[in-house]
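Number of protein chains: 2
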Amino acid sequence: MAFSIGELARRADVKVPTIRYYEQIGLMPETFRTEGQQRRYGKPAVARLAFIRHARELGFEVDAIRTLLLLQDEPDQPCAQADQIAKARLKEVDQRIASLNALRRELHKMIEGCACGRIGECRVIETLADQTHSHREWK
Amino acid sequence: MAFSIGELARRADVKVPTIRYYEQIGLMPETFRTEGQQRRYGKPAVARLAFIRHARELGFEVDAIRTLLLLQDEPDQPCAQADQIAKARLKEVDQRIASLNALRRELHKMIEGCACGRIGECRVIETLADQTHSHREWK
DNA sequence: CTTGATCCTCTAGTGACTAGAGAGATTACG
DNA sequence: CGTAATCTCTCTAGTCACTAGAGGATCAAG
């Protein structure tokens, strides 16, 4: 039922020291320990940790992830902030999807054009450079 | 025609020391200088820098960006590697889009549900946690 | 030709890990 | 039960991609 930090690392595909680091900065809660002070975890820790990993891979900062986890941790809190946080994240997510789609199209074109031996007119830079300043105001 | 590093920073929306840093690590080419050793840039620098900024925002590592810029810099190189690089990036981009879409749906649901005063069943974690290990093998 | 903004280099600090040392805990086998 | 192999513990230091600051030079406007 309860497993070690190494097992958790394997299950969530995150390195052991990273887990300890996440505990230190408060992303993962402090967990219970054995007599000899070794950490033991249950299944929820796997989901939470896997979530953090994915969110990081998607480029969210730890602070943003913290707020997302807060929504999860306290589902009964009044909507005001939660709604605001969710909306801000949504906006960011939409922008990222749009940018990635633009890049996707360009890469696709490059691969297509590749059939004839040369990359040819490569417009990767223009694709991403020309997205007229989409400043995200939340941090 | 030629402008300063501060002007470049404004146009590409990147901080001045970051530009110098990019030059140092070879993402931005060394540029010409004034008598007094101050850097001067032309328009292409703006596009390149804006591209780097966007790519970084999308979570690409500097090394990945370097390879993308290489495609741009040498459009006549034989297809073999270029094609491979483009394909690897495309795969990654597709995965990111998929993950972001999943997160998007969840956030949307949360905001919808918010109308009635509570967040209720929040499944943000499950959304991103359950994406069965999508190891990217390129670095 | 001065003055204030901008630029130079260099060193050091930040966030988010990642690696390593040295010591203690746990588990698996005989 | 003993002991060897394999974790795990804490702590310090290193990495990557910036970011900030000191101390001084240069530039452009008046």
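Residue numbers (this note's numbering), protein chains in the order written: chain A, 1 to 139; chain B, 1001 to 1139.
Note that beta-carbon positions come from the ideal geometry of N, C-alpha and C, so glycine has one too.
(request) Could you name the residues of the same chain whose beta carbon sits closer than 8 Å to that of B/Met1001, not counting the 5 residues immediately before and after it, in chain order? (result) Cβ neighbours of B/Met1001 beyond the five flanking positions: Gly1042.
(request) Indicate whether at least one CB of chain B lies closer than 7 Å to the CB of A/Arg89. (result) A/Arg89 counts as touching chain B.
(request) With DSSP as the reference, please indicate the residues paired to B/Phe1003 in a beta bridge. (result) When DSSP reads this structure, B/Phe1003 sits in a beta bridge with B/Tyr1041.
(request) Check whether the stretch 1059-1070 of chain B touches the stretch 21-37 of chain A, taking contact to mean three or more Cβ pairs, one atom from each stretch, closer than 8 Å. (result) Flag = no, the stretch 1059-1070 of chain B and the stretch 21-37 of chain A do not touch.
(request) Count the other C-beta atoms from every protein chain shown that fall within 10 angstroms of the C-beta of B/Ala1098, then say buried if there are 16 or more, exposed otherwise. (result) Classification of B/Ala1098: exposed, given that the 10 Å Cβ count is below 16.
(message) For the alpha helix (DSSP H) containing B/Glu1030, name the first residue and the last one.
(response) Per DSSP, B/Glu1030 belongs to no alpha helix (DSSP H) and is neither H nor E.
(request) Compare the C-alpha of B/Leu1008 against each of B/Arg1096, B/Gln1037 and B/Ala1045 and name the closest. (result) Selected option, being the one with the closest Cα: B/Ala1045.
(message) Could you tell me the alpha carbon to alpha carbon distance between B/Ala1088 and A/Asp94, rounded to whole angstroms?
(response) CA-CA distance, B/Ala1088 to A/Asp94, rounds to 23 Å.
(request) Rank B/Ser1004, B/Phe1051 and B/Pro1017 by C-alpha distance to the C-alpha of B/Thr1034 and give the top, closest one. (result) Per the Cα distances, B/Ser1004.
(message) Judging by CA-CA distance, which residue of B/Leu1100, B/Arg1056, B/Arg1039 and B/Gly1036 is the nearest neighbour of B/Val1014?
(response) Checked all of B/Leu1100, B/Arg1056, B/Arg1039 and B/Gly1036; the closest Cα to B/Val1014 is B/Arg1056.
(request) Kindly indicate which three-state DSSP category B/Leu1103 falls into: helix, strand or coil? (result) B/Leu1103 falls in the helix class under three-state DSSP.
(message) Closest to B/Arg1010 by C-alpha separation, out of B/Arg1053, B/Phe1032 and B/Ile1111, would be which residue?
(response) When only C-alpha atoms are compared, the closest one is B/Arg1053.
(request) Let me know if B/Tyr1021 comes out buried or exposed under the rule of 16 or more other beta-carbons within 10 Å of its beta-carbon. (result) Exposed: under 16 other Cβ atoms inside 10 Å.
(request) Taking only the alpha-carbon atoms, compute the straight-line gap between B/Glu1074 and B/Ala1047 and give it to the nearest angstrom. (result) Their Cα atoms are separated by approximately 16 Å.
(message) Looking only at its chain, what residues have a beta carbon closer than 6 Å to the beta carbon of A/Ala12, apart from the 5 residues adjacent to it on each side?
(response) Residues Val46, Leu49 and Ala50 of the same chain have their beta carbon placed closer than 6 Å to that of A/Ala12, with the five preceding and five following residues left out of the count.
(request) Using only alpha-carbon positions, find the residue among B/Gln1037, B/Glu1106 and B/Ile1019 that is nearest to A/Gln72. (result) Sorting B/Gln1037, B/Glu1106 and B/Ile1019 by C-alpha distance to the C-alpha of A/Gln72 places B/Glu1106 at the top.
(request) Check the Cβ of B/Asp1063 against every Cβ in chain A and list those closer than 7 Å, keeping chain order. (result) Those within 7 Å of B/Asp1063 in chain A number zero; the least Cβ separation is about 16 Å.
(request) Drop a sphere of 10 angstroms on the beta-carbon of A/Leu68, count the other beta-carbons inside from all chains shown, and report buried for 16 or more, exposed for fewer. (result) When all chains shown are included, A/Leu68 counts as buried.
(message) Going by beta-carbon coordinates alone, are A/Leu100 and B/Arg1104 separated by less than 7 Å?
(response) Their beta carbons are not under 7 Å apart, which means A/Leu100 does not touch B/Arg1104 by this criterion.
(request) Determine the burial state of B/Leu1070: buried for a count of at least 16 other Cβ atoms within 10 Å of its Cβ, exposed for fewer. (result) So B/Leu1070 ends up on the exposed side.
(message) Given this structure, state the Cα-to-Cα distance separating B/Ala1086 from A/Ile111, to the nearest angstrom.
(response) Linking B/Ala1086 to A/Ile111 through their CA atoms gives a straight-line distance of about 7 Å.
(request) May I ask you to list, following chain order, the residues of the stretch 89-104 of chain A that have a beta carbon less than 8 Å from some beta carbon of chain B? (result) Close to chain B, meaning a Cβ-Cβ distance shorter than 8 Å, are the following residues of the stretch 89-104 of chain A: Arg89, Leu90, Val93, Asp94, Arg96, Ile97, Ser99, Leu100, Asn101, Leu103 and Arg104.
(request) Locate the alpha helix (DSSP H) running through A/Val16, then write down its first and last residues. (result) Taken as a continuous stretch (DSSP letters only), the alpha helix (DSSP H) holding A/Val16 covers Val16 to Gln24.
(message) Please give me, in chain order, every unbroken run of the alpha helix (DSSP H) with length at least 4 that falls completely inside the stretch 48-76 of chain A.
(response) Here the runs fully enclosed are 62-73.
(request) Could you list the residues in the stretch 1015-1028 of chain B with a C-beta less than 9 Å from some C-beta on chain A, going in chain order? (result) For the stretch 1015-1028 of chain B, which is checked against every Cβ of chain A, not one residue is closer than 9 Å.
(request) Report the rounded CA-to-CA distance for B/Pro1017 versus B/Gly1059, giving the unit in angstroms. (result) Going by the C-alpha atoms only, they are around 20 Å apart.
(request) Please confirm if B/Leu1058 has its CB atom under 7 Å from at least one CB of chain A. (result) Closer than 7 Å to some Cβ of chain A, the Cβ of B/Leu1058 qualifies, so yes.
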